[in-house]
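**Q**
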Amino acid sequence: MSEEVEDELPKRSKLPYLAVLLGVAAIAGGLGFWRWSGSRPRISPERFFFAETLPMWALEHHRGGGSPLPDLSQVPPPVSALSPELEALGKSFPKFAAAREAAVRLNKALEGSGLRYWLDVQQVSKRPIVLSYALELRTRWKMGDKALDVMRVRRLDRLNIEMGMEGLTDDEGPVVFLDRLEPNLSRDLEEAFAEIPKGNEVDRAARAIFRGQLESKVGAAAVALAAGQLRRRSELFEAMEKRMHEGQVTFYRPEGFVWGDEFFERLEPYAKTGRPRGPLLLASDLRQLHRADEVLREGEGNRALLASLELESSLVEAHEARHALDPSERKVPEVLVAAVGDDDMPFANKAERELRALIAEIHDGAAPSCLAVARIVQMVAGRYARATPHWYASSVLLREMFGEGETYASLPAKACAMPDAQLRSTAAEAFKSLYGEDFVGAAPASAAVP
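The sequence shown runs 0 to 449 under numbering that gives the first Met the number 0.
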């Protein structure tokens, strides 16, 4: 696709941009846990309950069985006190809407008890399935006289269901999925230092902005260290897989910044020489990989990783907060209708909602506003660009803010050359031009850090 802003828009895709990817892997022929043999990992009974016991119990209900309650014998009193809500969740199966309602009540009970977990119900094969998350941060956002909480969560369960979203806003409010942000950031950091970078010219321009903003926050040495540590771990993992059985054995690979002791404890049985058919991997390879993971848990490299996560999650948080704080239906701006076409107004309405949220990323996000512009440019012309509602909203917004005649690859640097306050004002002016009214900003009011 040409990189000129004024170029013709491509044929529209009806698929949502950040769709829910319910990828069911070939484990026991269908939906299940990523399984390893070995002893129970050394984590707290409370965390083990939400990471494994509860999702496995819900999985049995998904399959048509299941006991009235999950095993509560090892959990502390704050968890066992939730038995009425848990029983109601079990009884709600196999009706998806009922399971969603039961999960909402359970989440409220979790919040009231001070337990920092959150449950999400998705639909697989027309039946509900429960995904579990650790609640890492709850931030209060305000816009005028409106206020609500935005949650940042991290996936706990090991069900082979992948959520292809960085954020979500539904009847429970806005959520940011940290576990989905980290793989993208890890890839961007590694590719920012690659000898032969992947992607097109727009991707490289956006990564250069991301790298520059992160270096200004934590220093160039810390960013380079983090990228090198990530690359080293990736190389060791790939070498470990290839070494044994001529690369015919493939292991589940975590996607976060830090894979953690639990992952390595579950792989240890596969490195034992006394295994009936012999080891599937070398113990020396596993130890070396474990050490490479441990160095990512602290020090300057870890500081750079956490800084990159904060930059990116603050933009997604502003995006989702706008969806929740400004949920009203609005007239679709004429320029957006002209881009999308008036033959599918439901699609145009989705694009309009994304347009407001993208403006909020630039105007309301805590990260430098040009980093938001770089993200938006990638949505339009990066290697993963697709003609979705986000694509149309991004295209119209870039044109409204920067005019015509600029190449997409030049826009990230042009945005970063502008003072931050000016760029935010430009986004607000674009809103007024599109909607005929002043943009009302939103901002975090308070944060509860665990």
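Cβ atoms here follow ideal geometry from the backbone N, Cα and C, with glycine treated the same way.
1) Ignoring anything shorter than 4 residues, give me the alpha helix (DSSP H) runs that lie fully in the segment 164 to 196, in order along the chain.
2) Specify, as a first and last residue, the run of the alpha helix (DSSP H) that residue 77 falls within.
3) Go through its chain and collect everything with a Cβ distance to residue 513's Cβ below 7 Å, but skip five positions before and after it.
4) Helix, strand or coil for residue 147, going by three-state DSSP, please let me know.
5) Name the DSSP beta bridge partners of residue 132, please?
6) Find out if the Cβ-Cβ distance for the pair residue 255, residue 194 is shorter than 8 Å.
7) Return the CA-CA distance between residue 234 and residue 189, expressed in angstroms with no decimal places.
8) Using C-beta distances below 6 Å, list every residue in its chain close to residue 291, excluding the 5 sequence neighbours before and after it, in chain order.
9) Only counting the same chain, and skipping five residues up and downstream in sequence, which positions put a Cβ closer than 8 Å to that of residue 220?
10) Assign residue 442 to one of three DSSP states: helix, strand, or coil.
11) Any contact between the segment 418 to 425 and the segment 368 to 377? By contact I mean 3 or more CB pairs, one from each, below 8 Å.
12) Can you tell me the Cβ-Cβ gap for residue 98 and residue 217, rounded? I've got them flagged as a contact below 8 Å.
13) Run through the segment 383 to 416 for me and flag every whole alpha helix (DSSP H) of 4 or more residues, listed as ranges in chain order.
14) Once DSSP output is grouped into helix, strand and coil, what is the label at residue 122?
15) My output table needs one value for residue 56: the three-state DSSP class, helix, strand or coil.
16) By DSSP, does residue 327 sit in helix, in strand, or in coil?
17) Work out the CA separation of residue 128 and residue 27 for me, nearest whole Å.
18) Once DSSP output is grouped into helix, strand and coil, what is the label at residue 206?
19) Taking just the CA atoms, how far does residue 263 sit from residue 225?
20) If you compare alpha carbons, which of 58, 434 and 276 is closest to residue 124?
21) Can you look up residue 62 in the DSSP assignment and give me helix, strand or coil?
22) Counting along the chain, where does the alpha helix (DSSP H) carrying residue 358 start and finish?
23) With a threshold of 7 Å on Cβ separation, who are the neighbours of residue 252 within its own chain once the five nearest residues in sequence on each side are excluded?
24) Which value, in whole angstroms, describes the spacing of the CA atoms of residue 321 and residue 348?
25) Give me the Cα-Cα distance between residue 100 and residue 372, rounded to the nearest whole angstrom.
26) Closer than 7 Å by C-beta to residue 197: which residues in its own chain qualify, once you throw out the five before and the five after it? Chain order, please.
27) Using 8 Å for Cβ pairs, my map puts residue 442 next to residue 141. What's the rounded Cβ distance?
28) Any idea what DSSP makes of residue 425, helix, strand or coil?
29) Grab me the residues of residue 323's own chain with a C-beta within less than 6 Å of its C-beta, minus the 5 sequence neighbours each way, in chain order.
30) The alpha helix (DSSP H) that contains residue 43, what's its start and end?
31) To the nearest angstrom, how far is the alpha carbon of residue 277 from that of residue 270?
32) As a quick exercise: from 126, 184, 110 and 388, pick the residue whose alpha carbon is nearest that of residue 133.
33) If I measure Cβ to Cβ from residue 439 and keep anything under 7 Å in the same chain, skipping five residues before and after, which residues do I get?
34) Under the three-state reduction of DSSP, which class applies to residue 127: helix, strand or coil?
35) Count the other CB atoms within 10 Å of the CB of residue 25; is the residue buried (16 or more) or exposed (fewer)?
36) By Cβ distance, which residues of its chain are closer than 6 Å to residue 463, with the 5 residues on each side in sequence left out?
**A** Considering the structure as presented:
1) 177 to 191
2) 76 to 79
3) Look at the range of the chain in this structure, 0 to 449, and you will see that residue 513 is not part of it.
4) strand
5) 117 and 154
6) no
7) 11 Å
8) 231, 232 and 235
9) 299
10) strand
11) yes
12) At roughly 43 Å, the Cβ-Cβ gap does not stay under 8 Å, so residue 98 and residue 217 are not in contact.
13) 388 to 401 and 410 to 416
14) strand
15) helix
16) coil
17) Note that residue 27 scores a pLDDT of 32, beneath 50, so its modelled location is shaky and nothing firm can be said.
18) helix
19) 21 Å
20) 58
21) coil
22) 344 to 363
23) 236
24) 15 Å
25) 37 Å
26) 190
27) 7 Å
28) helix
29) 147, 168, 172 and 173
30) Unbroken run through residue 43: none, as it is neither H nor E.
31) 8 Å
32) 110
33) 142 and 143
34) strand
35) The pLDDT assigned to residue 25 is 27, lower than 50, so where the model puts this residue is not dependable, and the model offers no usable value.
36) Limits of the chain in this structure are 0 at one end and 449 at the other, which puts residue 463 out of reach.
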